[in-house]
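Number 923 in my numbering belongs to position 161 of the sequence shown; there are no gaps in the numbering. So the structure is just underneath, and the comments pick up after that.
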Amino acid sequence: MILFIIFTILAAGFFYLFIRDKKHQFSPLWLMLSTWMLGLGIPQLHLSELEKDWYPAFWLLLIVSLCMFVLGFYIFDRVIIKVSRHPELVSGSQTRFRNKFGMTKIFSDNDINAKRLRIVVYGLFIISLVGLALFRLKAGNLPLLAPDTDVFRFVADEQVPGLINYAAQFARLFIPLSFFLFFWQGFSLRKHWDLSLIGIIGIISLTLFASRTQIFFVDLWVMALYLLMRKPNLKQALKFYPVFLLISVLVLAAVPFYRQYKSYGSADYLAGVTSINSSGYNVGAKALLPIYVGVSFNQQALLHAYEYYQTHPIQQGRVSLDPFTNLFGKVIPGLNNLKSDFDLCAIFKCWWNTGTYLFPFVQDFGTKAFVFAPFVFAGIFAALWHYWKISPNFLSINLYAYAMFFIVMTVYLSFTVRAEMYLDLMLLVASYLFVSKLSISNSYE
């Protein structure tokens, strides 16, 4: 309990710096450290009998990973600042290429065509409705409405092709893009009634998939958009965040409770399968239990992966390539030779299939992943942060909002092995090229 309190205080301190540090305000450095203090602190409650105690070698690896992220951020931060102040450091051929194709203009534009952005939202909404219809046709139902919700979710993943599954959940994209317009233009129910209606339908459709991750994804993206676009003072923040968080927490708590009760006849199923004695827990504690299990068991999965690959061959990058081999393996059969081959049951538990963002890299590269993976991600996040600071436009704001979701989820989900992340980013770039006014004018030159 003492370690939990210490790490929670550190998390609050780093989050204060994330909000208030003038030099590095809203930087990935403070958000990552705040998130990981909670990621280190929550498992110290030791609620489950299945959890293995962390020993010095594992603690050291986690500390090294955080130190490498800090080091990487400061190095890339300095390099990016230096390059941005001295454009001549960029090679002439690169500059000519960017100028020839209008890239310099496109990626520094802060003006968008609102009508075109509405078209993007409408288009994604219509495609999602078609996707939902196809999903129900092929799977026979929707997860939350199925008699056995938990089993149906995994069965449906096998029955429904990945692109249909992905398109059916396009609400994960068109809801944040609708909020981008709300924050950009100033919300008016009279002006934005159509987007509000689309958003409500989208929320219902995502809820029907019974996935906390998808709902949390939208919540974090929207909250990040508000922060990056409005930079609210305390009074403004208190008007928006409490109401938004209250609704979100109610949905996030209700979905797993309903799913567990419908599938297993008990809201205490999760506590039972994870060997947590929840008999004395009140309703609030039971609602927070899935968060504890998600964070703590993902760290356990990381610990077990570290131990497992001490004595078993590493995957040598194949796990990281899985999103691409799964997407293109049918078109290019030779790619199937690069698919990963491992047994999750042997690594941790058969019923546990997620881990922290480090988990797939430990599978691929072993202990070295604790050193280089945080360093590389620090560079990516630093670049996106600077892009937003230097050129706050549709693309930079949404990309960094997406990065903030990724950072928060680093203790909860290994998102790099999910194909939807790469598809999301492709759609964001394509949407920006479609809605950017300078991009539109360049196309007519």
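Glycine included, each C-beta is placed from N, C-alpha and C at the ideal position.
Only counting the same chain, and skipping five residues up and downstream in sequence, which positions put a Cβ closer than 8 Å to that of M763?
Q806 and L807
Any idea which residues DSSP pairs I881 with across the strands?
Beta-bridge annotation (DSSP): I881 is not paired with any residue.
According to DSSP, is S1215 helix, strand or coil?
Residue 1215 falls outside the range modelled here, since the chain spans only 763 to 1207, and no answer is possible.
Which of the three DSSP states, helix, strand or coil, is assigned to S1198?
It is a strand residue.
Quick check on I1109: does DSSP put it in helix, strand or coil?
helix
If you draw a straight line from the alpha carbon of W983 to that of F1177, how long is it in whole angstroms?
15 Å
Please list the segments of the alpha helix (DSSP H) lying wholly inside the region 988-1040, counting only runs of 4 or more residues, in order along the chain.
996-1026 and 1031-1035
Beta-carbon contacts of F838 that lie in its chain and below 8 Å, excluding the five residues immediately before and after:
A1140, G1141, A1144 and A1145
Between L990 and W1150, is the Cβ-Cβ spacing less than 8 Å?
yes
Check whether the Cβ atoms of L879 and F936 lie closer than 8 Å to each other.
no
On the premise that F1156 lies in contact with V1191, defined as a C-beta separation below 8 Å, what is that separation, rounded to the nearest angstrom?
With a Cβ gap of about 10 Å, V1191 and F1156 do not count as contacting.
Ignore the nearest five residues each way along the sequence and tell me which others in S967's own chain have a CB closer than 7 Å to its CB.
For S967, where only same-chain residues beyond five positions count, the Cβ hits under 7 Å are S890, L894 and A933.
Are the Cβ atoms of L779 and W792 separated by less than 8 Å?
yes
8 Å Cβ shell around I1076 - same chain, five flanking residues per side excluded:
Q1125, D1126, F1127 and G1128
At a Cβ threshold of 8 Å, is L894 touching chain B?
This model lacks chain B altogether, as it is built from one protein chain only.
Buried or exposed: G902, going by 16 or more other Cβ atoms within 10 Å of its Cβ?
exposed
Report the partner residues of I874 according to the DSSP bridge assignment.
S1198
Boundaries of the alpha helix (DSSP H) in which P1052 is found, first to last residue:
DSSP places P1052 in the uninterrupted alpha helix (DSSP H) bounded by V1045 to T1073.
Under 8 Å between C-beta atoms of L800 and I1038:
no
Would Y817 be called buried (16 or more neighbouring beta carbons within 10 Å of its own) or exposed?
Answer is exposed; the Cβ neighbour count stays below 16.
Between which two residues does the alpha helix (DSSP H) containing P938 stretch?
Under the DSSP assignment, P938 falls in the alpha helix (DSSP H) whose first and last residues are A933 to Q947.
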